[in-house]
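Notes follow the structure.
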Amino acid sequence: MERRVVADRDSEFEAYMQARQPSLLRTAYLLTGDQHSAEDLVQTALAKLYLSWDKVQRRELIDGYVRRIMVNEHNSLWRRAWKKREVATDRVPDRAAAADRVDHGESAALWEFVQTLPRKQRAVIVLRYYEDLSEAEVADILGISVGTVKSQASRALASMRSRVHTQPTLAQDREEER
Amino acid sequence: MNGSNEKDMLARELRDRAEHVGGHPITFDGVKHGARRIQRRRRIVSGAVAVAVIAVAVPVGLQVTDLTRSTTPGPANPSPSVTRTDEPTPSPTPAAPEGPIPATGATAPRGEDAGITYLAGPVVHRPSGSSTDLGGVYDAIAPYDNGWIGYRWATGLTYKLAADGKVEWSNEGVGLAISSDGTDLSYPTRTKDGSFALALDSTDGSRQMTRLTTALPAGTVQPVGFTADERVAYTIETDTGESTVYVTDFSGPPARLDGLITAHGANDVTGVVAGTTSVDDLEQSSCSAVMEVANQRSLWETCDYTLTQFSPDGRYVLGTDAYGDGIGGRTAAILDASDGTVLAEYTTEDLGFTHQLVWETDTTALLSTHQDGTWYMLRLAPDGTIEQALDPVRADPESAPWKFGARP
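So this is what it looks like as structure tokens:
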């Protein structure tokens, strides 16, 4: 590829990255639950996008592509196995965790509940209720049926009902211990 | 409180929690570095999926199959998207099942114990039922020279172990290739000048001299499998993450296999290599091909599966999901290696995933899969049958209780 073409390509990619990085980080944070993992996830998703940038014909679809890459990457068993290897061999720099919001009671319990969800179910919740995607769109991203999206969302809400609303003080106690 | 309010509460909580996150901590240079790492990881992951494993009891009386020979009509379940470069050759196949078969561990009947060597933590289990605590955890292992040879991804080293697990030596590099009759193996090593090379030896250690490849291109070497007697396919990964597939005869210059960006399986009975020809991260898809080494030509290609290991007799090839970086795979397929016909396709339930898939015999494969909080080792076959090959183990998705030993 000619140098000028590469420069144009990189410049276009950088512009997209600058514009969308904060939004992607927010979704990643909800999927992972901590700042460092969120940054790691977004960087990997952007790296995959960079590798495929020339193939993107319709720029308006990029966000959807990145979201799908990010969610699937987060759920990938191989990625987790690989990350363990990286952590085992490389020192991970200390970073200040994203400041947890000072909160008590139901809100803290809700966040704690979200963090206890299995990865796939958590992805369903984040895509459905944060990204506000339709059940069909969530199913498409996760490669599962619409029925599974419905049942997972429904099961999460039922679980939330029993665990958050009935025992908010438990979460409050744990929050205060931190 | 009604369901609508709960959804609103949850949505609000997620928005509030995400609100403080943002900024631009990721640099463009970091992304480009990540891209190179991904290419490298893809190479290593493909090696792990197709982990070459050997059984203590090598399949007896290997039925050497001439892929051009045929005795029965072709199967009834052809893959719609297989591209053949030649006229399809019918081959003897078992009764082909119609459509995907649920790979449901809970309802599968219990069959005989797995007939290959496998690892459970530091303990290596042999098909005979005996076991040995090696005192350390390895990602793959094979019998070698009255002991074992294995490797660890975490250290990037290959280890030679005594029968009791004591480490006799270690080499930089990971990967094991085993010949289909189980008599030869190949592993990465370092030459005196510091470059990577491949070692060739007999599995019983009787060969007096370990032969090293010559004139290897610079980069990290990983053996894929034997393509003929004393011929091994391997991948080279450069510092920039570029991967290339070669075949060496351990004497002359290696021959590059054009068209493959990585390789996952090889077979020395039929002289073929299975590998990936393209990857599309946006569409989350890839295409794979079976290539004939002697003529450097693609026999057939599919974009439905990632092709991995060949059965020891070369008749069948395993397929997993076309895009391996997703939510763990959900597919395990057995294809006719001569023309890509899908003989049996197994799928896990929506929230389950497949982990490792290897050949146990010429006609049975073993799949480790996690489903609903439980790990299963399932035995699959070209005729679509399914059974448990070990008792299920309840464990979280990130703690696979078994690792398969190296198979041809």
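Taken in sequence, the protein lines are chains A and B. In this text, residue positions in the first sequence follow the working numbering: the first is 1, and each later residue adds one. In this text, residue positions in the second sequence follow the working numbering: the first is 1001, and each later residue adds one. Where a beta carbon is used, it is the ideal one built from N, C-alpha and C, also for glycine.
DSSP-derived helix/strand/coil call for residue i
| i | result |
| --- | --- |
| residue 1332(B) | strand |
| residue 106(A) | helix |
| residue 1314(B) | coil |
| residue 1020(B) | coil |
| residue 133(A) | coil |
| residue 1028(B) | helix |
| residue 1133(B) | strand |
| residue 1074(B) | Confidence at residue 1074(B) is low in this model, with a pLDDT of 32, below 50, so the placement of that residue should be treated as unreliable; the coordinate-derived value is given next. Three-state result, residue 1074(B): coil. |
| residue 119(A) | helix |
| residue 1005(B) | helix |
| residue 1143(B) | strand |
| residue 72(A) | helix |
| residue 1398(B) | coil |
| residue 1349(B) | coil |
| residue 1226(B) | strand |
| residue 1150(B) | strand |
| residue 1307(B) | strand |
| residue 9(A) | helix |
7 Å CB neighbourhood of residue i in its chain, flanking five on each side removed
| i | result |
| --- | --- |
| residue 73(A) | 41, 44, 45 and 79 |
| residue 47(A) | none |
| residue 1249(B) | 1230 and 1231 |
| residue 1122(B) | 1133, 1134, 1135, 1136 and 1137 |
| residue 1172(B) | 1156, 1157 and 1190 |
| residue 30(A) | 126 and 130 |
C-alpha gap between residue i and residue j, whole angstroms
| i | j | result |
| --- | --- | --- |
| residue 964(B) | residue 1200(B) | Nothing can be reported for residue 964(B): it is not among the residues displayed for chain B, which extend from 1001 to 1408. |
| residue 1181(B) | residue 1408(B) | 8 Å |
| residue 1009(B) | residue 26(A) | 18 Å |
| residue 60(A) | residue 1297(B) | 39 Å |
| residue 110(A) | residue 66(A) | 27 Å |
| residue 1194(B) | residue 1211(B) | 16 Å |
| residue 195(A) | residue 1322(B) | The requested residue 195(A) is not part of the displayed model; chain A covers only 1 to 178. |
| residue 119(A) | residue 1191(B) | 44 Å |
| residue 1304(B) | residue 1332(B) | 11 Å |
| residue 1197(B) | residue 1142(B) | 20 Å |
| residue 14(A) | residue 23(A) | 15 Å |
| residue 1247(B) | residue 58(A) | 40 Å |
| residue 1406(B) | residue 1126(B) | 12 Å |
| residue 140(A) | residue 1337(B) | 31 Å |
| residue 1032(B) | residue 1026(B) | 11 Å |
| residue 1007(B) | residue 1016(B) | 14 Å |
| residue 1388(B) | residue 1110(B) | 5 Å |
| residue 128(A) | residue 71(A) | 13 Å |
| residue 1159(B) | residue 1120(B) | 18 Å |
| residue 1263(B) | residue 1234(B) | 8 Å |
| residue 1018(B) | residue 28(A) | 9 Å |
| residue 995(B) | residue 1131(B) | This structure cannot speak to residue 995(B), because chain B is shown only from 1001 to 1408. |
| residue 136(A) | residue 1147(B) | 54 Å |
| residue 1021(B) | residue 116(A) | 20 Å |
| residue 1024(B) | residue 38(A) | 12 Å |
| residue 1187(B) | residue 69(A) | 34 Å |
Close beta carbons around residue i, own chain, < 6 Å, minus the five adjacent residues each side
| i | result |
| --- | --- |
| residue 152(A) | 121 and 124 |
| residue 49(A) | 66 |
| residue 1267(B) | 1310 and 1314 |
| residue 1335(B) | 1317, 1319 and 1342 |
| residue 82(A) | At residue 82(A) the pLDDT is 44, less than 50, meaning the model places this residue with poor confidence; the figure from the coordinates comes in the next sentence. Excluding positions up to five away in sequence, the list is empty. |
| residue 1144(B) | 1203 |
| residue 1149(B) | 1142 and 1160 |
Residue i Cβ short of 6 Å to the ligand FMN heavy atom set
| i | result |
| --- | --- |
| residue 1361(B) | This structure does not include the ligand FMN; it has no bound ligands of any sort. |
Cut-off 8 Å between Cβ atoms - residues of its own chain near residue i, not counting five sequence neighbours on either side
| i | result |
| --- | --- |
| residue 17(A) | 46 |
Report the residues of the region 52 to 66 of chain A with a CB closer than 7 Å to any CB of chain B, ordered along the chain. 52, 55, 56 and 65
Near-chain A residues of the region 1015 to 1029 of chain B (beta-carbon distance less than 8 Å), N- to C-terminal order: 1015, 1016, 1017, 1018, 1019, 1020, 1021, 1022, 1023, 1024, 1025, 1026 and 1028
Using 8 Å as the cut-off, can you tell me whether the region 1331 to 1350 of chain B makes contact with the region 1378 to 1388 of chain B, which would need three or more C-beta pairs spanning the two stretches below that distance? yes
Determine which residues of the region 1278 to 1294 of chain B have a Cβ less than 9 Å from any Cβ of chain A, and write them out in chain order. 1279, 1280, 1281, 1282, 1283 and 1284
Check each residue of the region 1367 to 1384 of chain B: if its Cβ is closer than 7 Å to any Cβ of chain A, include it; give the result in chain order. Answer in chain order: no residues at all.
If you pair each beta-carbon of the region 1260 to 1277 of chain B with each one of the region 1311 to 1318 of chain B, do three or more pairs fall below 8 Å? Because the criterion of three Cβ pairs below 8 Å is met, the region 1260 to 1277 of chain B and the region 1311 to 1318 of chain B touch.
Is the region 1286 to 1302 of chain B in contact with the region 1347 to 1365 of chain B, if contact means three or more CB pairs nearer than 8 Å? no
Taking beta-carbon pairs under 7 Å, can you tell me which members of the region 137 to 155 of chain A lie near chain B? 142, 143, 144, 145 and 148
Using Cβ-Cβ distances below 9 Å, what residues of the region 1332 to 1362 of chain B are close to chain A? 1349, 1350, 1351, 1353 and 1355
Within 7 Å of chain A by C-beta, residues of the region 1132 to 1144 of chain B in sequence order: none
Interface residues of the region 1114 to 1128 of chain B facing chain A [CB-CB below 9 Å]: none
Give, in chain order, every residue of the region 1385 to 1397 of chain B whose Cβ lies closer than 8 Å to some Cβ of chain A. 1397
Using a Cβ cut-off of 7 Å, which residues of the region 19 to 32 of chain A contact any Cβ in chain B, in chain order? 21, 22, 25, 26, 29 and 30
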